[in-house]
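Some notes on the structure that comes next.
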Amino acid sequence: MERWGEKRYHSLDYALRSQFGEKVYKIALNGGMTCPNRDGTIGDRGCIFCSPMGSGDFAGSSADSISDQLKRGKYDLSTKRPIHSYIAYFQAFTNTYGSISHLEKIYLEAVSDPEVKVLSIATRPDCLGPEVLALLSKIRKIKPVWIELGLQTIHEKTAKDIRRGYPLSIFEQAVQNLHARQIPVIVHTILYLPGETPEMMLQTIDYLNHCPIQGIKLQLLHVLKGTDLAIQYQQHPFHIPEQDEYIRMVGSCLSHLRPDIVIHRVTGDGPSDLMIAPLWSQKKRTVLNELHAYLKSQDIWQGKEYSNL
Ligand code: SF4
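Okay, so the sequence shown: first residue is 1 according to the UniProt record's numbering, each after it adds one.
And the structure:
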């Protein structure tokens, strides 16, 4: 069995400690952008699960400069312990969807902070044109750059139902373009999208095993107030897993995943004031403890059932 410190999976914390020699903390930033799936370019209501803050509910305020958002994030994090290393994480909305001059300004502002060790950018694969790729190649010569892509699922019907707004082929091209530029890719997936079976979720995992990606987020579907998903849930309730079922599913995903892929998330961080379901996910520490106990009791580790054939 492979081991990554105390964990049975290749956790982000383990990967960062191995690379930087200490714990590295994330500061969620708001670069003041919108999203083509919200401004009418592709759609005007966004993905059905996306919160009014563009899935950046813990990000800073776009009214503040990036330096000020970093300063505030550091202050909030460092009151309890001394911290020297951060990831500047552009989280809210689509963070490559802006003029090149604006993107260059905010990215440079972030990486110029000596305590920022990594620039992480959440975006859509259809917002990575040649100029953006050239800019990312330039910034990665200053500090490591990660790109986080919201795939959610490989299944086209589900993608249509959740209004993702691009086909799988666009994702594949973006991953190849980033890989060619040696820019690590983290893929955001959502478990228990309406209509998805365990087999379908594992098909997404198996597909990603064959992609040149470096990280993955396994995100539990959250039904949040103010989303079209919440309306759908109220009108036609769909299956929401109980905690035990979710933990078994995550165990299965980890067991099938390529062992080098870094696990950035195994549950979710929904804002409590917006959360409709599942409410058990609010106790994140409990979910993680239960997951770790389950992996141990079932002798599961990341890659146990992975096969590269
Ligand atoms: S692409 Fe991201 S920001 Fe845009 S609507 Fe979907 S989840 Fe929200």
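Quick reminder that beta carbons are idealized off the backbone N, C-alpha and C, glycines included.
The structure presented is a predicted model; accordingly, all values stated were derived computationally and were not measured.
Other residues of its chain near residue i: CB distance less than 8 Å, five sequence neighbours each side excluded
| i | result |
| --- | --- |
| residue 110 | 29, 66, 70, 88, 90, 116, 119 |
| residue 155 | 196, 200, 203, 204 |
| residue 3 | 301 |
heavy atom of the ligand FMN below 6 Å from residue i C-beta
| i | result |
| --- | --- |
| residue 68 | Inclusion of the ligand FMN in the displayed structure is not the case, the ligand content consisting of the ligand SF4 alone. |
Residues of its chain near residue i, where Cβ-Cβ distance is below 6 Å and the 5 sequence neighbours each way are ignored
| i | result |
| --- | --- |
| residue 123 | 94, 95, 96 |
| residue 121 | 90, 95, 147 |
| residue 145 | 119, 136, 139, 183 |
| residue 16 | 24 |
Beta-carbon proximity list for residue i, same chain, < 7 Å, skipping 5 on both sides
| i | result |
| --- | --- |
| residue 268 | 219, 220, 222, 281 |
| residue 177 | 128, 133 |
| residue 318 | Nothing about residue 318 can be read from this structure; the chain reaches only from 1 to 309. |
| residue 54 | 35, 92, 93 |
| residue 225 | 274, 276 |
| residue 131 | 100 |
Residues that residue i bridges to, as DSSP identifies them
| i | result |
| --- | --- |
| residue 188 | 150, 217 |
| residue 265 | 217 |
| residue 4 | 7 |
| residue 29 | 90 |
Residue-chain proximity (residue i, chain B), Cβ-Cβ < 7 Å
| i | result |
| --- | --- |
| residue 149 | Looking at the structure shown, chain B is missing, and only one protein chain is on hand. |
Whole-angstrom distance between residue j and residue i, CA atom to CA atom
| i | j | result |
| --- | --- | --- |
| residue 77 | residue 42 | 37 Å |
| residue 21 | residue 215 | 19 Å |
| residue 64 | residue 31 | 9 Å |
| residue 100 | residue 19 | 30 Å |
| residue 289 | residue 227 | 30 Å |
| residue 342 | residue 194 | This structure cannot settle anything about residue 342, because the visible part of the chain is limited to 1 through 309. |
| residue 266 | residue 250 | 7 Å |
| residue 57 | residue 276 | 15 Å |
May I have all residues whose beta carbon comes closer than 6 Å to any heavy atom of the ligand SF4, sorted in chain order?
35, 37, 38, 46, 47, 50, 54, 55, 93, 94, 124, 150
Closer than 8 Å is the cut-off here; do at least three beta carbon pairs connect the segment 254 to 265 with the segment 289 to 303?
yes
Between the segment 95 to 112 and the segment 150 to 163, are three or more C-beta pairs nearer than 8 Å?
no
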